[in-house]
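What follows is a single structure, written as structure tokens, with notes after it.
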Amino acid sequence: MPRPKKPASPFRYFHSSPEVIRMVVMLYVRYPLSLRNVEDLLFERGYDLCHETVRLWWNRFGPMFAADIRRQRVSRMRGFRQWRWHLDEMYVKLNGEMVYLWRAVDHEGEVLESYVTEKRDKSAALTFMKKALKRYGKAETIVTDGLKSYPAAMKELGNEDRREMGRWLNNRAENSHLRFRRREQAMQRFRRMKSLQKFASVHASIHNHFNAERHLVDRQTYKNRRSAALAEWQTLMV
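Take the sequence shown: its position 8, counting from 1, is numbered 38 in the numbering used here, and each next residue is one higher.
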């Protein structure tokens, strides 16, 4: 019986090593740095790259790394039913016009799903929630704000009884927006919905991967988790 072919390496047409490419993508997506900031940091470390190379690499490999992280997380958490989801939408300026970035955040502060729409009506809420439920399964509790699109969509999905709403209950989702806002400022805003959707999804997955809950654990535990996250990052797409 012939052996199944091993998938071709996504790095095979690039002269730089996979380690350098992973470092470039991590620096640009994880931290609030511009393309030229990353170029300067790499030059200090002996890597002479153009900022357009940074752009090319994050566009090419960022979604691949994010998909690999998300796939591993879904396989671990899909059977877990004690989830408490927090749903919220935030304004993002796109060429002078406002669009909406819907986000589902779990009780650990990790972003499960990001979805960009021009409106925030029932149709948009329904599409967003279907994407999250299809990928991660059902949640025990879903916390939302007072937007009427949520109960309308949840009624159609048949999970309206799982909804919770309160003045401070959704702080988990509100606080998760801060990291994206800092990143948005460094990028001097977005220009297309497609690029916003791509970056929001990649940023969420990479942040989840390096989320060591530093404020909840002691220094040694945090260092162990950080080392494990970095080691696992080096094995993505291998």
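Beta carbons are placed, not taken as given, at the ideal position from N, Cα and C, and that holds for glycine. These figures come from a predicted structure and were not determined experimentally.
From residue i to residue j, what does the alpha carbon distance come to, in whole angstroms?
| i | j | result |
| --- | --- | --- |
| residue 40 | residue 267 | 8 Å |
| residue 211 | residue 260 | 24 Å |
| residue 201 | residue 74 | 40 Å |
| residue 90 | residue 263 | 16 Å |
| residue 255 | residue 242 | 6 Å |
| residue 173 | residue 193 | 6 Å |
| residue 164 | residue 249 | 37 Å |
| residue 223 | residue 72 | 29 Å |
| residue 126 | residue 226 | 14 Å |
| residue 171 | residue 147 | 24 Å |
| residue 122 | residue 128 | 6 Å |
| residue 157 | residue 104 | 19 Å |
| residue 207 | residue 38 | 37 Å |
| residue 48 | residue 217 | 25 Å |
| residue 162 | residue 247 | 29 Å |
| residue 199 | residue 175 | 8 Å |
| residue 79 | residue 188 | 52 Å |
Can you name, in chain order, every residue of its own chain whose Cβ lies under 7 Å from the Cβ of residue i, other than the five neighbours on each side?
| i | result |
| --- | --- |
| residue 85 | 65 |
| residue 190 | 181, 184 |
| residue 46 | none |
| residue 24 | Outside the modelled stretch of the chain, which goes from 31 to 268, sits residue 24, for which no answer is possible. |
| residue 209 | 237 |
| residue 44 | 51 |
| residue 77 | 50 |
| residue 252 | 242, 244 |
For residue i, I'd like the list of residues in its chain whose CB is within less than 8 Å of its CB, leaving aside the five on either flank, ordered along the chain.
| i | result |
| --- | --- |
| residue 231 | 93, 96, 144 |
| residue 150 | 119, 130, 132, 177, 179 |
| residue 205 | 139 |
| residue 239 | 99, 259, 262, 263 |
Just to confirm before moving on: does the CB-CB distance between residue i and residue j stay below 9 Å?
| i | j | result |
| --- | --- | --- |
| residue 58 | residue 50 | no |
| residue 221 | residue 124 | yes |
| residue 142 | residue 155 | no |
| residue 273 | residue 159 | The structure shown does not extend to residue 273, since the chain is modelled only from 31 through 268, so no value can be given for it. |
| residue 235 | residue 99 | yes |
| residue 186 | residue 228 | no |
Answer yes or no: the CB of residue i versus the heavy atoms of the ligand ZN, is any distance below 8 Å?
| i | result |
| --- | --- |
| residue 240 | For the structure depicted, the ligand ZN is absent and the ligand set is empty, with no information on it obtainable. |
According to DSSP, simplified to helix, strand and coil, what is residue i?
| i | result |
| --- | --- |
| residue 197 | coil |
| residue 116 | strand |
| residue 58 | helix |
Note down, in chain order, each residue of its chain lying with its Cβ closer than 6 Å to the Cβ of residue i, except the 5 sequence neighbours on either side.
| i | result |
| --- | --- |
| residue 169 | 113, 115 |
| residue 54 | 84, 87 |
| residue 81 | 65, 66, 69 |
| residue 137 | 114 |
| residue 203 | 116, 118, 135 |
| residue 219 | 123 |
Item to check | Segments of 4+ residues assigned as alpha helix (DSSP H) that fall wholly inside the stretch 123-186 | outcome: Counting only runs of at least 4 residues, the stretch 123-186 fully encloses the following alpha helix (DSSP H) elements, listed from N- to C-terminal order: 152-166.
Next on the checklist: For a minimum of 4 consecutive residues, which ranges assigned as the alpha helix (DSSP H) are wholly contained in the stretch 64-90?
Outcome noted: List check, alpha helix (DSSP H) in window: 65-74.
Item to check | Unbroken stretches of the alpha helix (DSSP H), 4 residues or longer, contained in the stretch 182-256 | outcome: 201-216, 223-239
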